[in-house]
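Each number in this note's numbering comes from the position in the sequence shown (counting from 1) with 125 added on. Backbone N, C-alpha and C fix where the C-beta goes; we use that ideal spot for every residue, glycine too.
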Amino acid sequence: MISLKLKAKNEKLRHKAQNLKLCVLSFSFALCALHFTLCNAFADTISSSELINNAKQYDGKNVTYEGEVIGDIMARGQYCWLNINDGQGAIGIWIEKDLVKDILYTGGYKSKGDVVAVNGIFHRACLQHGGDLDIHAVSIRKIVPGDDIEESLDSGKKNYVITLLAVLFFIWILSLLKRR
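Written out as C-alpha cells, the structure reads:
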C-alpha cells in the first residue's frame, strides 16, 4: 500500500517536472524569437549614397539608416523632421514626436549630435511631402550620445599671432623713430 502511494507520488512529481521543463523550454524559445525580431528591426544599415543611387530599388521598402542627428528637430503637429547625416550625405526623417524625446543633442557648430539608427519606410519621391526623398520612421534607437564641443585656443596659432603683433609693434616704433 505504501509503495503504491509512493509510486503515485513519484509519478505526479515526474509529471510536474516534465511540465516545468516544457514551460522553461517554451519561454526560452519565445525569448529567442523576440531577440531575433528586435535584432532584425535594426539589421543591415544602408548608407545615404546607396539609398540615393538605388532609390527605385528601395522605394517603399523597410530600411535601416544610421547617422548623426544634425540641425534642428522641426516639430510639425504630432510629427517631427530630423536630418540624419551618415558622413556621405543627409536624409530627412519623418518621425512621431514621442519617438524623439531621447534625442538630446543635434549636430552643429557647438555640439556633436546623437548617433541614431532609424528603421522605417524609404520614399524616393514622397507624395505626402511634396515629392521629397525621405524615410518615414517606425522606430529609432540611440547608438552614441552626443555632447557639447569644447572650444580651445590653439597654442600654436596664439604664439603666431603674438609674434606677428610684436613684429608689427617693432616696425611701428621704427617708423616713428625714422620720422624724427
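> Within this structure, are the beta carbons of GLN203 and SER172 separated by less than 8 angstroms?
Replying inline: no
>> For ALA166 and ASP272, I'd like the C-alpha separation in whole angstroms.
In response: Caution is warranted here: a pLDDT of 46 is assigned to ALA166, below 50, making its placement in the model unreliable, and the coordinate value is therefore given only provisionally. Using only the alpha carbons, I get a separation of about 27 angstroms.
> Rounded C-beta distance between VAL269 and VAL240? I'm assuming under 8 angstroms.
Replying inline: 4 angstroms
>> Suppose only complete runs of 4+ residues qualify. What are the alpha helix (DSSP H) ranges in the region 276-304, listed by chain order?
In response: 280-304
> From ARG201 to GLU275, what distance separates their C-alpha atoms?
Replying inline: ARG201 and GLU275 have their C-alpha atoms some 32 angstroms from each other.
>> From the DSSP secondary-structure annotation, give me the bridge partner or partners of HIS248.
In response: ASP259
>> Considering only their Cβ atoms, is the gap separating ASP259 from ILE218 smaller than 8 angstroms?
In response: yes
>> Do ALA262 and LYS292 count as a contact pair if the criterion is CB distance below 8 angstroms?
In response: It is worth fixing the name first, because residue 292 is Val in this sequence and not Lys. It is not a contact, given that the beta carbons lie outside the stated cut-off.
> Which whole-angstrom value is the C-beta distance of GLY233 and ILE209, which I expect to be below 8 angstroms?
Replying inline: That belief does not hold up - the Cβ atoms of GLY233 and ILE209 are roughly 14 angstroms apart, past 8 angstroms.
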